[in-house]
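All residue numbers for the sequence shown refer to our numbering, where the first residue is 1 and numbers rise by one. See structure below.
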Amino acid sequence: MTGWLAIAGLGPGADNLVTPEVSDVLAEATDIVGYIPYVARVAERPGLTLHASDNRVEVDRAMHALQMAAEGKRVVVVSSGDPGVFAMAAAVFEAMEADPEAWADLDIRVLPGITAMLAASARAGAPLGHDFCAINLSDNLKPWQLIEKRLRLAAEADFAMAFYNPRSKSRPEGFARTLEVLQEACGDDRPVIFARAVSTPEEELRVVPLTQCRPEMADMRTMVLVGSSRTRIIRRAAGDIVYTPRSVT
1 MTGWLAIAGL GPGADNLVTP EVSDVLAEAT DIVGYIPYVA RVAERPGLTL
51 HASDNRVEVD RAMHALQMAA EGKRVVVVSS GDPGVFAMAA AVFEAMEADP
101 EAWADLDIRV LPGITAMLAA SARAGAPLGH DFCAINLSDN LKPWQLIEKR
151 LRLAAEADFA MAFYNPRSKS RPEGFARTLE VLQEACGDDR PVIFARAVST
201 PEEELRVVPL TQCRPEMADM RTMVLVGSSR TRIIRRAAGD IVYTPRSVT
């Protein structure tokens, strides 16, 4: 096979947070595949075809990319953030697993990107400075009961937590329940960071005690970071810093 498939992360939003490796492969590509707003971030040019699709057709999108690469095209599947974190890398491999022999000779690469989780953490300081977990709060691909179980276990283990896809118009009740579970399980006022549209002109960052968090503080462009019981705030006139110490004594 002369074609190849790269699964690439475009970072959290700002152009300067796209890695040079990803920029290079985008310049070589003949075809870009991805969710509509992510494909829109790739500049059009002669010889490049953009294939944008809806957000709930990940496996179909992956199969289309595999087929084009097998036909000799240079295909890049784009995701925001990192393609391996709740994104298209797993979808491509899920499509491959249905018939692994068909793609045995295909050149496939996963190119990492800066996740919204890490970009938001950097803006706030270092709230993920010790053990942490990431949870996707969308119940589109898994039952809510599993999400709630993981929330409770993460709180019991005293992880800092990063939440993707916290609250959409179609499922506003999920994040409300998340806050109820955390307030019950944690029982304290640990800091919660609401980081919206990090690295874009619409960026907003605010730190709220857990007991004062409200569901409407988050939407689908918001990364929510919840500190552990040891997470601290350094108060400064230039802006507060939130961090979790590396040591546990």
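For every residue, glycine included, the Cβ atom is placed at its ideal position computed from N, Cα and C.
Option in the options with minimal Cα separation from residue i
| i | options | result |
| --- | --- | --- |
| Leu5 | Ala14, Ala69, Val59 and Val39 | Ala69 |
| Ala292 | Gly84, Glu44, Thr30 and Ala40 | Residue 292 cannot be examined here, being either before or after the span of the chain that is shown, 1 to 249. |
| Tyr243 | Arg236, Arg232 and Ala95 | Arg232 |
| Ile114 | Pro215, Thr2 and Val78 | Val78 |
| Phe159 | Leu146, Gln183 and Leu128 | Leu128 |
| Gly13 | Asp131, Tyr38 and Gly3 | Tyr38 |
| Pro245 | Gln145, His130 and Val207 | His130 |
| Ala187 | Arg206, Pro201 and Ser228 | Note on identity: in this sequence residue 187 is Gly, with Ala being the wrong assignment. Per the Cα distances, Ser228. |
| Leu205 | Ala104, Ser121, Gly81 and Glu173 | Ser121 |
| Val85 | Met220, Tyr164, Asp189 and Ile108 | Tyr164 |
| Val208 | Pro191, Glu202, Thr200 and Met220 | Pro191 |
| Ile108 | Leu118, Leu153, Val76 and Ala134 | Val76 |
| Ala98 | Ala126, Leu118, Met63 and Ala119 | Met63 |
| Pro172 | Trp144, Leu106 and Asp189 | Trp144 |
| Ala134 | Arg236, Gly174 and Leu151 | Leu151 |
Proximity below 8 angstroms, CB of residue i to CB of residue j
| i | j | result |
| --- | --- | --- |
| Leu225 | Ala124 | yes |
| Pro83 | Ile7 | yes |
| Arg167 | Ala218 | yes |
| Ala185 | Ala162 | no |
| Ile32 | Leu48 | yes |
| Val198 | Glu148 | no |
| Gly81 | Ala104 | no |
| Glu28 | Arg74 | yes |
For residue i, the first and last residue of its enclosing alpha helix (DSSP H)
| i | result |
| --- | --- |
| Ser23 | Pro20 to Glu28 |
| Pro209 | No alpha helix (DSSP H) holds Pro209; the beta strand (DSSP E) holding it covers Glu204 to Pro209. |
| Ser121 | Ala116 to Ala124 |
8 angstroms Cβ shell around residue i - same chain, five flanking residues per side excluded
| i | result |
| --- | --- |
| Leu111 | Ala6, Ile7, Ala8, Gly9, Thr19, Glu21, Val22, Val25 and Pro83 |
| Arg230 | His130, Asp158, Thr244, Pro245 and Val248 |
| Leu146 | none |
| Met250 | Absent from the model: residue 250. The displayed extent of the chain is 1 to 249, so no value can be given. |
| Leu106 | Met1, Gly3, Trp4, Leu5, Leu66, Ala69 and Ala70 |
Beta-carbon contacts of residue i that lie in its chain and below 7 angstroms, excluding the five residues immediately before and after
| i | result |
| --- | --- |
| Leu179 | Cys213 and Pro215 |
| Thr222 | Pro166, Phe194, Ala195 and Arg196 |
| Glu58 | Met88 and Ala91 |
| Glu71 | Gly3 |
Span of the beta strand (DSSP E) around residue i
| i | result |
| --- | --- |
| Arg196 | Pro191 to Arg196 |
| Trp4 | Trp4 to Gly9 |
| His64 | His64 -> not in any beta strand (DSSP E); alpha helix (DSSP H) instead, spanning Glu58 to Ala70. |
| Cys186 | Where Cys186 is concerned, there is no enclosing beta strand (DSSP E), although the alpha helix (DSSP H) it sits in stretches over Glu173 to Cys186. |
| Phe93 | Per DSSP, Phe93 belongs to no beta strand (DSSP E); it is in the alpha helix (DSSP H), Met88 to Glu97. |
| Leu262 | Within the shown structure, residues of the chain are numbered from 1 to 249, placing residue 262 beyond reach of any answer. |
| Val77 | Arg74 to Ser79 |
| Arg42 | A small correction: the amino acid at residue 42 is Val; Arg does not occupy that position in the sequence shown. Val42 -> no beta strand (DSSP E), and no H or E assigned at all. |
| Leu50 | Thr49 to Ser53 |
6 angstroms CB neighbourhood of residue i in its chain, flanking five on each side removed
| i | result |
| --- | --- |
| Tyr35 | Asn55 |
| Glu203 | Ala197 |
| Asp189 | Pro209, Leu210 and Thr211 |
So, do the region 82-98 and the region 43-56 have three or more beta carbon pairs nearer to each other than 8 angstroms?
A contact between stretches requires three or more CB pairs, one per stretch, nearer than 8 angstroms, and the region 82-98 fails this requirement with the region 43-56.
Kindly confirm or deny that the region 129-145 and the region 43-51 touch, where touching means at least three C-beta pairs closer than 8 angstroms.
No, the region 129-145 does not touch the region 43-51.
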